[in-house]
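Participant: This is the structure I want to talk about, given as structure tokens.
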Amino acid sequence: MHAVDEAGGSVEDVAFGQGVFVAVTPFRLLVSKDGEVWREVPAPARMNAIVHTEAGFLAVGNAGVLMRSRDGLHWETLRLHRGWDLFGVAYGNGTYVFVSGLNELLVSRDLRRFHRFKVAGDDLEIYRGDFGKGRFVFGGSVFQVVTVDVHWGKGR
Numbered sequence: 563m564h565a566v567d568e569a570g571g572s573v574e575d576v577a578f579g580q581g582v583f584v585a586v587t588p589f590r591l592l593v594s595k596d597g598e599v600w601r602e603v604p605a606p607a608r609m610n611a612i613v614h615t616e617a618g619f620l621a622v623g624n625a626g627v628l629m630r631s632r633d634g635l636h637w638e639t640l641r642l643h644r645g646w647d648l649f650g651v652a653y654g655n656g657t658y659v660f661v662s663g664l665n666e667l668l669v670s671r672d673l674r675r676f677h678r679f680k681v682a683g684d685d686l687e688i689y690r691g692d693f694g695k696g697r698f699v700f701g702g703s704v705f706q707v708v709t710v711d712v713h714w715g716k717g718r
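And the structure:
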């Protein structure tokens with residue numbers, strides 16, 4: 563167990579659910595029930611983002627690595643296509659949308675089949691996003707916002 567100030571490293575993202583905080587750092591997850599005492603979970607790759615859904619936590623990272631947990635305490639690692647570095651993830655209406663690189667998003671309902679699509683704008687780098695009011699919205703470089711309508715599989 564580590565106190566917060568002893569954990570070290572940068573925190574890329576944080577999620578809360580099931581009464582547990584999970585912080586994503588480059589090569590580990592930090593888990594806490596109280597936000598003060600943290601348990602370290604090693605990660606097999608650089609991790610970049612996390613989301614909490616009704617199914618639990620899903621953390622994403624480089625080389626197609628996903629780490630998932632129902633309770634935030636016990637984790638399993640999944641590997642997607644090794645060429646997919648995953649920088650962000652959002653979840654809503656039973657659908658995951660992943661940021662997988664310059665101008666590219668991945669959409670999946672089951673974490674087995676993925677639809678890839680490019681977003682307009684050659685210089686747009688998408689970093690993070692979220693779901694709300696029936697839409698996925700992702701922010702990127704140069705202050706652009708991409709709204710994704712997964713029903714049609716198009717970026718706008």
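Under the numbering used here, think of the first position of the sequence shown as 563, with each following residue one higher.
Don't be surprised by glycine CBs; every beta carbon is placed ideally from N, CA and C.
If you run the structure through DSSP and keep just helix, strand and coil, what is Ala-625?
Facilitator: If you number the sequence shown from 1, residue 625 lands on position 63. Helix.
Participant: Exposed or buried, which one is Glu-574 when buried takes at least 16 other CB atoms within 10 Å?
Facilitator: Numbered from its first residue, the sequence shown carries residue 574 at position 12. Looking at its Cβ environment, which holds 16 or more other Cβ atoms inside 10 Å, Glu-574 is buried.
Participant: Is it the case that the stretch 618-626 contacts the stretch 595-602, given that we only count it when at least three CB pairs across the two stretches are under 8 angstroms?
Facilitator: Touching, no.
Participant: Locate the beta strand (DSSP E) running through Lys-680, then write down its first and last residues.
Facilitator: Reading the sequence shown from its first residue, position 118 is the one you call residue 680. 677-680 is the span of the beta strand (DSSP E), which, as asked, contains Lys-680.
Participant: Would you call Ser-631 buried or exposed, if buried means 16 or more other Cβ atoms sit within 10 Å of its Cβ?
Facilitator: The residue given as residue 631 occupies position 69 in the sequence shown. By the neighbour-count rule (16 or more Cβ atoms within 10 Å), Ser-631 is buried.
Participant: Could you check what DSSP says for Ser-703 in three-state terms: helix, strand or coil?
Facilitator: In the sequence shown, counting from the first residue as 1, residue 703 sits at position 141. Ser-703 falls in the helix class under three-state DSSP.
Participant: What residue does the beta strand (DSSP E) around Val-586 start on, and which one ends it?
Facilitator: Sequence index remark: in the sequence shown, residue 586 carries index 24 (1-based). From DSSP, the beta strand (DSSP E) with Val-586 extends over 582-587.
Participant: Where does Val-573 fall in DSSP's three states?
Facilitator: Walking along the sequence shown from the start, residue 573 turns up at place 11. Looking at Val-573 - three-state DSSP - the assignment turns out to be coil, as it is neither helix nor strand.
Participant: Among Ala-625, Thr-657, Asn-655, Leu-640, whose alpha-carbon lies nearest the alpha-carbon of Asp-647?
Facilitator: For the purposes of this step, residue 647 is identified with residue 85 of the sequence shown, where counting begins at 1. Out of Ala-625, Thr-657, Asn-655, Leu-640, Ala-625 has the C-alpha closest to the C-alpha of Asp-647.
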